[in-house]
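Asks: Just so we're aligned: the sequence shown equals residues 1025 to 1316 in the working numbering. Okay, handing you the structure first.
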Amino acid sequence: MNDVFGRPGIRFSTGPGGLTVAALDSGAATASLTLLGAHVLSFQRSGSRPVLWLSERAMFEEGKPIRGGIPICWPWFAQHPEDAAMPAHGIARTRLWEVSETGAEDGDLRLALELRDEPSSRRLWPHAFRWRFEVRLTDRLRVSLTAANLSNEAAVCSGALHSYFAVSDIRAIRIHGLEQTAYLDSLEERQLKFQDGPIAFEGEVDRIYTDTTAECHIEDPGWERRIGIAKTGSLSTVVWNPWIAKAKRMPDFGDEEYLRMVCVETANAGSDLVSIPPSGSHTLGAEHWEES
Ligand code: TA6
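In structure tokens:
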């Protein structure tokens, strides 16, 4: 793979679980992703702490989601809208993607992967599709999912770039950008509520902020930094921390790890659905950076 797609700053190797992992080093930052789920595993500015969080108990097995980094939740978010027996968060994150393109110019690295429909996917999602996931690394990380609908009927989708961020202590951080925004509380049957000030955490939080294109910032006093999150093609922002009880119930999540992570997800969820017409496409994009 390195013969075809290797570039200065982009190398492929065999990683955990025997999965193929791409390591990117732009000089200003490093990142890595696995072909399973086109899943970004890490992003870190040179000389700084990791921006993304990855569970120490993450599993690396085809068919299973990886806990942390940026899971691609597509073409549905959370439970399937009609069939609860379907896998949570869609089919993109548990399938093997193929590298389609790489590029490296002056510390600006690009890597693209693609996933096409096949009989096993059409049993779960009855549309022909071509999904392309692109990663760009400078001192910032930019990711985008472009979903092309190759079928001859509209495809109604929801989804998320489900980013897990590393924090010093969930109890000390605040999330800015969603003040004065309505949200659906997933802990209370998606009851509609309203966010007044910055988001603080004193227990499990699982919220779909709706009809928002806002840029968010995670303010982390413990590590004296802010993490920036900007987005395109997204009308929802999902904020999640499992807290104590839910963390204990997840086998791929350490009991104390809830203290060191928070999800701020670039999404279209709840009532913010995306209808992709035949031969049309939709792009969901997220940009992450660190300010110290
Ligand atoms: O981030 C929102 C959410 O839907 C939570 O309800 C929680 O289930 C989380 O995603 C993780 O889902 P997963 O299927 O990866 O365990």
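A virtual CB, placed ideally from N, CA and C, is assigned to each residue, including glycine. Here the structure is a predicted model, which is why all the values come from computation and not from measurement.
Does ASN1292 pass the burial test, meaning 16 or more other C-beta atoms within 10 Å, or should it be called exposed?
Replies: buried
Asks: Taking the continuous beta strand (DSSP E) assigned at LYS1255, which residues delimit it?
Replies: 1249 to 1256
Asks: Measuring CB to CB, does ALA1136 end up less than 7 angstroms from ARG1156?
Replies: yes
Asks: Strictly by DSSP, which residues pair up with TRP1098?
Replies: GLY1114
Asks: Suppose the cutoff is 8 angstroms on Cβ atoms and the five residues either side in sequence are ignored; what does the same chain contact list for SER1072 look like?
Replies: ARG1249, GLU1314 and SER1316
Asks: Only counting runs of 3 or more residues, tell me where the beta strand (DSSP E) segments fall wholly within the segment 1135 to 1200, in order along the chain.
Replies: 1153 to 1161, 1165 to 1173, 1179 to 1181, 1183 to 1185, 1188 to 1190 and 1198 to 1200
Asks: Quick one: Cα of GLU1311 to Cα of GLU1177, how far?
Replies: 31 angstroms
Asks: Is the separation between the beta-carbon of GLY1252 and that of SER1192 shorter than 7 angstroms?
Replies: no
Asks: Less than 6 angstroms between the CB of TRP1264 and some heavy atom of ligand 1, yes or no?
Replies: The closest heavy atom of ligand 1 lies less than 6 angstroms from the beta carbon of TRP1264.
Asks: If you run the structure through DSSP and keep just helix, strand and coil, what is VAL1075?
Replies: coil
Asks: Between which two residues does the beta strand (DSSP E) containing ALA1310 stretch?
Replies: 1305 to 1315 is the span of the beta strand (DSSP E), which, as asked, contains ALA1310.
Asks: Would you tell me roughly how many angstroms separate the C-alpha atoms of THR1318 and ARG1035, rounded to the nearest one?
Replies: A question about residue 1318 goes unanswered here, because the residues of the chain that appear run from 1025 up to 1316.
Asks: Taking the C-alpha atoms as reference points, what is the distance between LEU1211 and GLU1228?
Replies: Their Cα atoms are separated by approximately 8 angstroms.
Asks: Under 6 angstroms: does the beta carbon of ALA1102 sit that close to some heavy atom of ligand 1?
Replies: yes
Asks: Expressed to the nearest angstrom, what Euclidean distance is found between the alpha-carbon atoms of SER1079 and ARG1147?
Replies: 31 angstroms
Asks: For the beta strand (DSSP E) containing ILE1223, list its first residue and its last residue.
Replies: ILE1223 -> no beta strand (DSSP E), and no H or E assigned at all.
Asks: Would you report the Cα separation of LEU1185 and GLY1093, rounded to the nearest angstrom?
Replies: Going from the Cα of LEU1185 to the Cα of GLY1093 covers about 10 angstroms.
Asks: Here's the rule: buried if 16 or more other CB atoms are within 10 angstroms of the residue's CB, otherwise exposed. What is ALA1362?
Replies: A question about residue 1362 goes unanswered here, because the residues of the chain that appear run from 1025 up to 1316.
Asks: Compare the Cα-Cα distances from ALA1190 to each of LEU1043, TRP1077 and THR1058 and report the closest residue.
Replies: TRP1077
Asks: What is the residue span of the beta strand (DSSP E) that TRP1232 lies within?
Replies: Checking the sequence, you will find Ile at residue 1232 rather than Trp. Looking at the DSSP string, the run of the beta strand (DSSP E) that includes ILE1232 is 1229 to 1233.
Asks: Hey, is ALA1116 close to ligand 1, as in C-beta under 6 angstroms from one of its heavy atoms?
Replies: no
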